[in-house]
Amino acid sequence: MGATTDDGENSRIPCDDVLDSPPSTLPESGEHDQLAEYASTIDPSHIIHLIRQLLPANKTAAADPASSGELEPLEEPKKVKEACTQEGEQKAECRAGVAGRTSAEDAAASGKRKREEPEAVTNPVAERFVGDATGCAHAECEGRDRHDGRENCGQDLGGAVTGEEDIGEDTCTDGAVQKLSGLSEQEELREEAGCVLWDLAANESQAEFLVDNHILDVLLTILCLPQSDRMREICLGILGNLACHSKPEKVMVNFEGLVPTVIRMLQFEDPPSLCETCRLLSAGLHSDAASAWINALQQEEVLERIMWIAANTMNSQLREKSAELILAIVDSKQEALSALLPTLLCIGLPGLLTDLIEGEVTAITEGTSTCGDAVLDIVLQIAEALSLPDEFATQLASNQKLFSLACQVIRLSQKEEIGPSGITGTVLIANLLTEENNLIGDFLQDGSMATHLLGLLPTVSEDSGARNALWSILQRVSQYLQARPSAMPSDKIASLMAALADGSNLLMDDLDDHREDDEHEDEESASGVAPSCGRQAKLATIANVVRVMEEWLASEASQTENRDAELVRAIQNACQLLGNYSASPDSVMHDQVLGR
Numbered sequence: 001m002g003a004t005t006d007d008g009e010n011s012r013i014p015c016d017d018v019l020d021s022p023p024s025t026l027p028e029s030g031e032h033d034q035l036a037e038y039a040s041t042i043d044p045s046h047i048i049h050l051i052r053q054l055l056p057a058n059k060t061a062a063a064d065p066a067s068s069g070e071l072e073p074l075e076e077p078k079k080v081k082e083a084c085t086q087e088g089e090q091k092a093e094c095r096a097g098v099a100g101r102t103s104a105e106d107a108a109a110s111g112k113r114k115r116e117e118p119e120a121v122t123n124p125v126a127e128r129f130v131g132d133a134t135g136c137a138h139a140e141c142e143g144r145d146r147h148d149g150r151e152n153c154g155q156d157l158g159g160a161v162t163g164e165e166d167i168g169e170d171t172c173t174d175g176a177v178q179k180l181s182g183l184s185e186q187e188e189l190r191e192e193a194g195c196v197l198w199d200l201a202a203n204e205s206q207a208e209f210l211v212d213n214h215i216l217d218v219l220l221t222i223l224c225l226p227q228s229d230r231m232r233e234i235c236l237g238i239l240g241n242l243a244c245h246s247k248p249e250k251v252m253v254n255f256e257g258l259v260p261t262v263i264r265m266l267q268f269e270d271p272p273s274l275c276e277t278c279r280l281l282s283a284g285l286h287s288d289a290a291s292a293w294i295n296a297l298q299q300e301e302v303l304e305r306i307m308w309i310a311a312n313t314m315n316s317q318l319r320e321k322s323a324e325l326i327l328a329i330v331d332s333k334q335e336a337l338s339a340l341l342p343t344l345l346c347i348g349l350p351g352l353l354t355d356l357i358e359g360e361v362t363a364i365t366e367g368t369s370t371c372g373d374a375v376l377d378i379v380l381q382i383a384e385a386l387s388l389p390d391e392f393a394t395q396l397a398s399n400q401k402l403f404s405l406a407c408q409v410i411r412l413s414q415k416e417e418i419g420p421s422g423i424t425g426t427v428l429i430a431n432l433l434t435e436e437n438n439l440i441g442d443f444l445q446d447g448s449m450a451t452h453l454l455g456l457l458p459t460v461s462e463d464s465g466a467r468n469a470l471w472s473i474l475q476r477v478s479q480y481l482q483a484r485p486s487a488m489p490s491d492k493i494a495s496l497m498a499a500l501a502d503g504s505n506l507l508m509d510d511l512d513d514h515r516e517d518d519e520h521e522d523e524e525s526a527s528g529v530a531p532s533c534g535r536q537a538k539l540a541t542i543a544n545v546v547r548v549m550e551e552w553l554a555s556e557a558s559q560t561e562n563r564d565a566e567l568v569r570a571i572q573n574a575c576q577l578l579g580n581y582s583a584s585p586d587s588v589m590h591d592q593v594l595g596r
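The opening position of the sequence shown corresponds to residue 1 in full-length UniProt numbering, with each subsequent residue numbered one higher.
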């Protein structure tokens with residue numbers, strides 16, 4: 001591996017040949033020409049030693065099919081068959097845990113992930129779940145002792161590749177586990193070396209040094225052969241950090257066999273390995289060398305596998321990383337959007353988004369969420385990105401359940417678990433209303449929606465796009481109520497009027513705080529550079545809100561004997577204040593009028 005042809009291009013050496021003797025292109029410690037010029041607090045010869053230390057001890061393993069550069073077909077997920085039978089058919093392999101990660105010297109930044117201490121990982125799933133903590137319950141493999149690490153019962157997920165030669169291997173026979181061997185000292189040293197290199201790859205100059213010293217040859221050799229889950233995760237983690245740097249990324253995509261081998265890693269079932277694969281692919285799609293990754297992802301079975309993982313995993317980190325990969329596809333380069341998105345839509349992406357949002361919203365509502373709104377916000381960002389192009393926005397706007405779930409996110413925005421997803425949900429709702437204005441009636445079915453919406457004004461204050469989206473929704477609400485004053489039941493309309501009156505302070509404060517920004521948008525609108533969403537458009541929205549409240553005060557609903565006198569008085573005060581502000585915003589001292 002890493003041999004050079006006459007014309008100077010890289011040529012692949014079969015994995016067997018590489019393992020019979022370490023790659024000859026690896027420089028010996030202390031003999032590399034660049035050592036004198038390399039500026040680092042870490043001895044370059046030691047880094048080279050670590051690269052050589054990664055090579056596996058087993059030099060006789062057969063080459064992996066991935067070394068040919070072709071991706072094997074992905075199969076449909078198979079249900080785990082009964083393991084641990086007396087005849088040994090479909091025997092399960094219960095693999096012992098692996099060593100923990102070492103600490104990082106260099107913090108990863110801007111997409112460079114610093115490794116976290118591993119959680120106890122139980123049996124990767126049976127029955128359509130990746131990394132499910134309850135996987136062994138599904139596997140029907142009873143009578144076994146639980147060990148400190150990962151267990152694997154029966155068949156893997158979705159045609160996932162198994163049979164790797166784990167160093168700490170146990171066999172399961174007649175319900176009893178007999179531990180054969182632990183991690184060898186050499187394997188522990190390999191993993192420790194890999195962990196250090198993983199951290200070093202987060203630094204750009206060190207990443208370039210690693211690539212110059214043939215780390216790609218070594219990593220590809222390892223990934224081409226059966227390995228422990230931990231070793232595979234380490235190799236993919238190093239590649240993921242290398243992909244965050246421009247020069248190493250360009251070398252990676254031109255390195256023969258590397259890209260298809262990475263795609264093949266999606267077939268494995270180990271959650272940490274899948275996390276690193278998704279992170280690597282996300283980084284690649286955001287890089288200048290995205291074309292190679294886009295071409296590799298175009299196979300429908302690969303996209304189906306990615307969506308299947310996102311839909312079925314019970315591992316929160318894997319769910320987040322797989323969602324980030326889908327977001328990278330729909331929100332990166334136009335080339336990826338046109339090449340991959342049509343296939344994703346055909347194989348059910350809108351339905352997947354709805355299911356994921358529903359699952360996250362349910363978990364937050366029931367208080368069972370373990371990751372806050374991180375996954376929810378990513379999935380909402382995917383929907384938001386799809387709501388921008390007209391050809392995709394129509395399909396999303398026709399999904400009434402998706403719109404209802406986005407509204408539910410706004411209703412949950414006061415909960416501690418809801419962070420940026422409330423902002424993202426606001427933008428998504430505004431985009432969907434732009435595509436299908438009739439959805440505003442569904443938005444107002446809950447009389448408390450206006451309260452929650454206005455409560456987000458301080459939160460969106462620093463995000464001009466989300467702020468304009470919120471004002472856009474408010475404008476549509478006022479226009480809807482003016483056009484159809486009797487469209488809502490009297491109790492809901494009264495609740496809405498109260499929310500508008502209570503939010504009058506927030507509306508005027510927001511306009512005062514963003515006066516310069518809004519006036520600049522007015523200038524751009526006048527020149528035709530941008531649509532009208534500046535100060536004048538927002539003042540017009542306030543004027544519409546005042547008319548809606550005045551019409552309600554003049555209606556029979558507010559004149560009944562059972563009317564809330566305090567509510568009526570509050571709405572009258574808000575009408576007067578907002579009316580004066582919209583007419584002459586520079587002369588109204590609303591703080592004094594409201595006694596603040």
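Built from N, CA and C at the ideal position, the CB exists for glycine as well.
Point to revise | CA-to-CA distance, SER555 to LEU578, given in whole angstroms | key: LEU578 and SER555 have their C-alpha atoms some 20 angstroms from each other.
**Study point:** PHE268 (DSSP reduced to helix, strand or coil)
**Key:** When secondary structure is reduced to three states using DSSP, PHE268 falls in the coil class, being assigned neither helix nor strand.
**Study point:** Counted within 10 angstroms of its Cβ, other Cβ atoms place residue 599 as buried (16 or more) or exposed
**Key:** No answer is possible for residue 599: it lies beyond the span of the chain, which begins at 1 and ends at 596.
Check your understanding: For GLN227 versus CYS275, is the C-beta distance shorter than 7 angstroms?
Key -> no
Check your understanding: Does the distance from the C-beta atom of LEU507 to that of GLY447 stay below 7 angstroms?
Key -> no
Check your understanding: If LEU553 and SER582 are in contact, beta carbons under 8 angstroms, what's the gap, nearest whole angstrom?
Key -> Not a contact, Cβ separation roughly 17 angstroms.
Check your understanding: How would you write the range of the alpha helix (DSSP H) that PRO485 sits in, first residue to last?
Key -> That residue, PRO485, is in no alpha helix (DSSP H); it is neither H nor E in DSSP.
Check your understanding: Which residues in the same chain as ILE347 place their Cβ atom closer than 6 angstroms to its Cβ, once the five residues preceding and following it in sequence are excluded?
Key -> GLU304
Point to revise | Residue from ARG264, VAL361, GLN408 whose Cα sits closest to the Cα of GLN299 | key: ARG264
Review point. Would the beta-carbon of LEU285 fall within 7 angstroms of that of THR277?
Key: no
Review point. Taking the C-alpha atoms as reference points, what is the distance between ILE309 and LEU216?
Key: 27 angstroms
Practice item. Along the alpha helix (DSSP H) that carries GLY257, what are the first and last residues, could you check? Key: Segment: none, GLY257 is in no alpha helix (DSSP H) and carries neither H nor E.
**Study point:** Cβ-Cβ distance between ILE238 and ALA201 below 7 angstroms
**Key:** yes
Practice item. Tell me whether MET314 sits in a helix, a strand or coil according to DSSP, three-state version. Key: coil
Practice item. Output the boundary residues of the alpha helix (DSSP H) element that contains LYS538. Key: Boundaries of the alpha helix (DSSP H) around LYS538: 535-554.
**Study point:** Under the three-state DSSP convention, the category GLU462 falls into
**Key:** coil
Point to revise | Nearest-angstrom Cα separation, counted from PHE443 out to PRO489 | key: 14 angstroms
Point to revise | Own chain partners of VAL375 with C-beta closer than 8 angstroms, once the 5 adjacent residues on each side are dropped | key: SER316, ARG319, GLU320, ALA323, LEU356, GLU360
Check your understanding: With C-beta atoms as the reference, is PRO350 less than 7 angstroms away from ASN399?
Key -> yes
**Study point:** Option nearest SER387 by Cα separation, candidates ASN580, GLN479, THR426
**Key:** In terms of CA proximity to SER387, THR426 leads the group ASN580, GLN479, THR426.
Review point. If you check the beta carbons only, do VAL218 and LEU54 fall under 7 angstroms apart?
Key: In this structure, VAL218 lies near LEU54, with their beta-carbon atoms less than 7 angstroms apart.
Practice item. Quick one: which unbroken alpha helix (DSSP H) runs of 4-plus residues sit fully inside the region 283-343? Chain order, please. Key: 290-297, 300-312, 316-330
Check your understanding: When you compare only the Cα positions, how much space is there between ALA311 and LEU412?
Key -> 23 angstroms
**Study point:** Local Cβ density within 10 Å of GLY158, reported as buried at 16 or more and exposed below that
**Key:** Note that GLY158 scores 39 on pLDDT, short of 50, meaning its location in the model is unreliable; the coordinates nonetheless yield the value given after this. That one is buried.
Exercise for review: Go ahead and label ALA383 buried or exposed: buried means 16 or more other beta carbons lie within 10 angstroms of its beta carbon, across all protein chains shown.
Suggested key: buried
**Study point:** Closest by C-alpha distance to MET231, when choosing among PRO56, GLN408, CYS407
**Key:** For MET231, the closest of PRO56, GLN408, CYS407 by C-alpha to C-alpha distance is PRO56.
Practice item. Give the single residue among PHE268, LEU281, ALA537, ALA450 whose Cα lies nearest to the Cα of MET252. Key: LEU281
Exercise for review: Reducing DSSP to helix, strand and coil, say where PRO350 ends up.
Suggested key: helix
Review point. Taking the C-alpha atoms as reference points, what is the distance between LEU501 and ILE571?
Key: With the sequence shown as reference, residue 501 is identified as Ala, and Leu is not the correct amino acid for it. C-alpha separation (whole angstroms): 5 angstroms.
Exercise for review: Sort ALA483, SER287, PRO420 by Cα distance to ASN438 and report the nearest one.
Suggested key: The option with the nearest alpha carbon to ASN438 is ALA483.
Check your understanding: Quick one: is ALA540 near chain D, going by C-beta distance under 7 angstroms?
Key -> Among the protein chains of the structure shown there is no chain D, as only one such chain exists.
Point to revise | Three-state secondary structure (DSSP) of ASP564 | key: coil
Review point. Should SER486 go down as buried or exposed, given a rule of 16 or more other Cβ atoms within 10 Å for buried?
Key: exposed
Point to revise | ILE418 versus ASP463 - alpha carbon distance | key: 17 angstroms
Exercise for review: Tell whether a beta-carbon distance below 7 angstroms holds between LYS247 and ALA290.
Suggested key: no
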